[in-house]
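**Student:** The sequence shown begins at 1 in UniProt numbering and counts up by one. For glycine and all other residues, C-beta sits at the position ideal for the given N, C-alpha and C. Since this is a predicted model, take the numbers as computed values, not measurements. Structure provided below as C-alpha cells; questions to follow.
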Amino acid sequence: MRGLLCCLVLLFLLQPWESQLQLAGPRCHTGPLDLVFVIDSSRSVRPFEFETMRQFLVGLLRGLNVGPNATRVGVIQYSSQVQSVFPLRAFSRREDMERAIRDLVPLAQGTMTGLAIQYAMNVAFSVAEGARPPEERVPRVAVIVTDGRPQDRVAEVAAQARARGIEIYAVGVQRADVGSLRAMASPPLDEHVFLVESFDLIQEFGLQFQSRLCAIDYCSFGNHSCQHECVSTPGGPRCHCREGHDLQPDGRSCQVRDLCNGVDHGCEFQCVSEGLSYRCLCPEGRQLQADGKSCDRCREGHVDLVLLVDGSKSVRPQNFELVKRFVNQIVDFLDVSPEGTRVGLVQFSSRVRTEFPLGRYGTAAEVKQAVLAMEYMERGTMTGLALRHMVEHSFSEAQGARPRALNVPRVGLVFTDGRSQDDISVWAARAKEEGIVMYAVGVGKAVEAELREIASEPAELHVSYAPDFGTMTHLLQNLRGSICPEEGISAGTELRSPCECESLVEFQGRTLGALESLTLNLAQLTARLEHLENQLANQK
C-alpha cells in the first residue's frame, strides 16, 4: 500500500487530484440530500494517506450542489472514539466545509467502525444536527471510507441504520476487508461497495461515486406518497399520473383529467369529464336533447310568471342562498324572452319589495344574475301583503305583464317556510278571481292549510312541499310539469293579435255557433213549458 501511496503523492505533486475530479465532470445538481461522510482516522492510516482522504473529500464537495435546500453535508471521523467534524446544519457554503476539512486532525487510535455507524444513525442524522425531518422524505446517505478491518461488529448496527432509511456506501482503500464492506453497504452491493486497489485509481472512483449520487433513486427513500407513479429525477422525486389523469396541486394525488377545460364542448349547462371523454348534463327537471349538448325548455307557449319569495328571518341567510339557487333552477327550464316567458320577482317579509318586474329582463342569464344579487330582507312573514302587491302591481301592464287580450297565462308562485303573520284568504281568492294560476311551495314549518288556500285547484297539482331547504330540488320536476306551457296550464296556447283577420273570422265562427246553440236550447225550453201547461190544463 505504501508503494501505491508514493505514486499517489507523485500525482499530487503533478496536479492536485481534487482539481482533476472537479474538472472532469459537471457539478451534480441533485434534489435535497442529507450526506454524511464517516472517515476512518485510525492509526493504520498514515499521515500522507489521511491527507489523500482529506483531498478526496474536498474533491467530492466541489462536485456537489451544496446548500440548505439542496445537499447538506456533515463529516465525522472515528478511531476508538467518534468525533463530529461538522454536523449537517453547520455550513451552507462549500468554502467553509473545505476549511473545516483541511483543519481536520486525525485521531490515530483503534478502528471502531460499528461505533461510528451507530453515532451516524443516532446523532449525525438527527433533526437536531440538521437532518431534514422524515416526513419530508429527503434521502439520507452515509459514505464510510476505511482502510482496514473493523475492531467491532458492523453487520447488526449497519442493518439498523439501513432499516431507518439510511443508504450506506462502503469505500475500502487497499487493506480494507471486503466482507466488512459488504456487511455495511446497502443493496445492491455492486452499486454500494467500492474497493480502491490503488490510490492512483481514486480519481476514477470519485467520478463513479459522483455519478451515483447524481443518479440517486429518490423514489426508494421513505414513502413518496405518489398515487400512481414515482419517477426519480436529478431534482428529486416527481409524481406522475397515468394517461387521462392530471397531477393535483399537492404534487402527489391524481385526478381524472378535466377534458371540459381543454375542449370546446358546447354544453349548454354543464360539462362532466369521464375518463378520456366527456358528456353534457342538464339541470334537474330538464332533459338533454338529441344533439347531446342542449337542454329542453318551455318553448311551446308563453307565460308571465311572478315569483313571491319569503325573505323572513326564519329562512336564515344560508338557506336564502339555497332558495336563490332553487329559483334559478326554475328559470333554467323556461324560455325567457320578451316574446316568450317573462319573469318577475317579489321578496316579502314584514314589507314587500319588487326585486325586478316582468318587463325588465329579456334573457335567462339576466334574470339569474338579478336573482343572485337579491339581498336578504329578514324580519316577519306578511304573505297576505305580498299577495295583494302581486295582484295590484306585479301583473299590471306598467310592470311588464302582457295585455289580457293576448291571452298570455299569468302564473304566480309563492315560496314560503312558515305561517303568515297576516290574513291571506282575501288576496289569495282575489288572485284566482283575476285569472292568475297560483302555485304554493312550502318548506319546513310551512302550514299546509295556507298553502292549499293560496294555490289553485286541484291542490295536488299546485302545492309542493319539502321538509328542509336541502331537499327542495326534488320539487323541480313537478313544477316543470305544471309551469311549462306545453306540459301544463296552457298547452297549445297560441299568441295572436285579436285584430288579425283569422282571429276575427274565428271569433265570428265561435260566436255564431254559440248563438245557434243558445237558440236551440231556448226552443227546447219553450216546448217543454208548453207541454207542462197542457198537462196542467188537462188536470183541471
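Quick one: grab the DSSP three-state call for Q248.
**Tutor:** Q248: coil per DSSP, three-state reduction.
**Student:** Within 10 angstroms of the Cβ of T363, are there 16 or more other Cβ atoms? Answer buried if so, exposed if not.
**Tutor:** When all chains shown are included, T363 counts as exposed.
**Student:** Pop quiz: L64 and F37 are said to be a contact at Cβ under 8 Å. What is the actual Cβ separation, rounded to whole angstroms?
**Tutor:** Not a contact, Cβ separation roughly 11 Å.
**Student:** What are the boundary residues of the alpha helix (DSSP H) that T52 is part of?
**Tutor:** Its alpha helix (DSSP H) spans residues 47 to 61.
**Student:** First and last residue of the alpha helix (DSSP H) that includes Q289?
**Tutor:** Note, Q289: premise wrong, no alpha helix (DSSP H); not H, not E.
**Student:** Please say whether Q118 and S80 have beta carbons closer to each other than 8 Å?
**Tutor:** Cβ atoms of S80 and Q118: not closer than 8 Å.
**Student:** Determine the contact status of M382 and F348, defining contact as a CB-CB distance below 8 Å.
**Tutor:** The answer is yes: Cβ separation under 8 Å.
**Student:** How far does the beta strand (DSSP E) with T71 in it reach, from first residue to last?
**Tutor:** From DSSP, the beta strand (DSSP E) with T71 extends over 71 to 78.
**Student:** For the pair the segment 447 to 467 and the segment 420 to 431, tell me if three or more CB-CB distances fall below 8 Å.
**Tutor:** The answer is yes - the segment 420 to 431 touches the segment 447 to 467, with three or more Cβ pairs under 8 Å.
**Student:** Identify every residue that forms a DSSP beta bridge with M438.
**Tutor:** Partner(s): G412.
**Student:** Does DSSP classify F469 as helix, strand or coil?
**Tutor:** Here F469 sits in helix by DSSP.
**Student:** What number of angstroms, rounded off, separates the C-alpha of M438 from the C-alpha of A398?
**Tutor:** Each residue's alpha carbon lies about 21 Å from the other.
**Student:** Given that a residue counts as buried once 16 or more other Cβ atoms are within 10 Å of its Cβ, and exposed if not, what is H389?
**Tutor:** Answer is buried; the Cβ neighbour count reaches 16.
**Student:** Three Cβ pairs or more, each shorter than 8 Å: is that satisfied between the segment 170 to 190 and the segment 153 to 162?
**Tutor:** Segments in contact, yes.
**Student:** Where do the N-terminal and C-terminal ends of the alpha helix (DSSP H) with A405 fall, by residue?
**Tutor:** From DSSP, A405 is part of no alpha helix (DSSP H); its letter is neither H nor E.
**Student:** Taking all protein chains shown into account, do 16 or more other C-beta atoms lie within 10 angstroms of the C-beta of D468, making it buried, or fewer, making it exposed?
**Tutor:** Exposed is the call here.
**Student:** So, under 8 Å CB-CB, G384 and S350 are touching, yes? Tell me the CB distance rounded to an integer number of Å.
**Tutor:** Wrong, their Cβ atoms sit about 12 Å apart, outside the cutoff.
**Student:** Kindly indicate which three-state DSSP category H240 falls into: helix, strand or coil?
**Tutor:** Here H240 sits in strand by DSSP.
**Student:** Quick check: the Cα distance between V443 and L308, rounded to an integer number of angstroms?
**Tutor:** Distance between the alpha carbons of V443 and L308 is about 14 Å.
**Student:** Name the residue from V123, S294, I101 whose alpha carbon lies nearest to the alpha carbon of G59.
**Tutor:** The shortest Cα separation from G59 among V123, S294, I101 belongs to I101.
**Student:** Which two residues bound the contiguous alpha helix (DSSP H) that contains T111?
**Tutor:** Note, T111: premise wrong, no alpha helix (DSSP H); not H, not E.
**Student:** Can you tell me whether S211 is buried or exposed, with buried defined as 16 or more other CB within 10 angstroms of its CB?
**Tutor:** Exposed: under 16 other Cβ atoms inside 10 Å.
**Student:** Are the Cβ atoms of L345 and V303 separated by less than 8 Å?
**Tutor:** No; because the gap between Cβ atoms is not below 8 Å, this pair is not in contact.
**Student:** Which of the three DSSP states, helix, strand or coil, is assigned to V331?
**Tutor:** Looking at V331 - three-state DSSP - the assignment turns out to be helix.
**Student:** For the putative contact between residue 548 and S44, defined by C-beta atoms under 8 Å, what is the C-beta separation to the nearest angstrom?
**Tutor:** Given that the chain is displayed from residue 1 to residue 540, the structure contains no residue 548 and the question cannot be resolved.
**Student:** With DSSP collapsed to three states, give me the class of Y169.
**Tutor:** DSSP places Y169 in strand when its eight states are reduced to three.
**Student:** Are the CB atoms of V463 and W427 nearer to each other than 8 Å?
**Tutor:** No.
**Student:** Hey, quick one: how far does the alpha helix (DSSP H) through A142 stretch, first residue to last?
**Tutor:** Careful: A142 lies outside any alpha helix (DSSP H), inside the beta strand (DSSP E) at 140 to 146.
**Student:** May I have the straight-line CA-CA distance separating I39 from S253, to the nearest angstrom?
**Tutor:** When rounded, the distance between both Cα atoms is 41 Å.
**Student:** Quick one, are the C-beta atoms of S314 and G418 less than 8 Å apart?
**Tutor:** Against a cut-off of 8 Å, the Cβ pair of G418 and S314 comes out as a contact.
**Student:** With respect to the alpha helix (DSSP H) encompassing I454, which residues constitute its N-terminal and C-terminal limits?
**Tutor:** Looking at the DSSP string, the run of the alpha helix (DSSP H) that includes I454 is 448 to 454.
**Student:** What does Y278 pair with, by DSSP beta-bridge criteria?
**Tutor:** The partner list for Y278 (beta bridge, DSSP) reads S273.
**Student:** Which residue wins for smallest C-alpha separation from P133, given the options P32, I424, Y361?
**Tutor:** P133 has its Cα closest to that of P32, out of P32, I424, Y361.
**Student:** By the 10 Å Cβ neighbour count, where 16 or more other Cβ atoms means buried, how is A128 classified, buried or exposed?
**Tutor:** Exposed is the call here.
**Student:** In the DSSP assignment, find the alpha helix (DSSP H) that holds L307 and state where it starts and stops.
**Tutor:** Element bounds for L307: not the alpha helix (DSSP H) but the beta strand (DSSP E), 304 to 310.
**Student:** Taking the alpha helix (DSSP H) that L387 belongs to, which residues open and close that run?
**Tutor:** Note, L387: alpha helix (DSSP H), 383 to 389.
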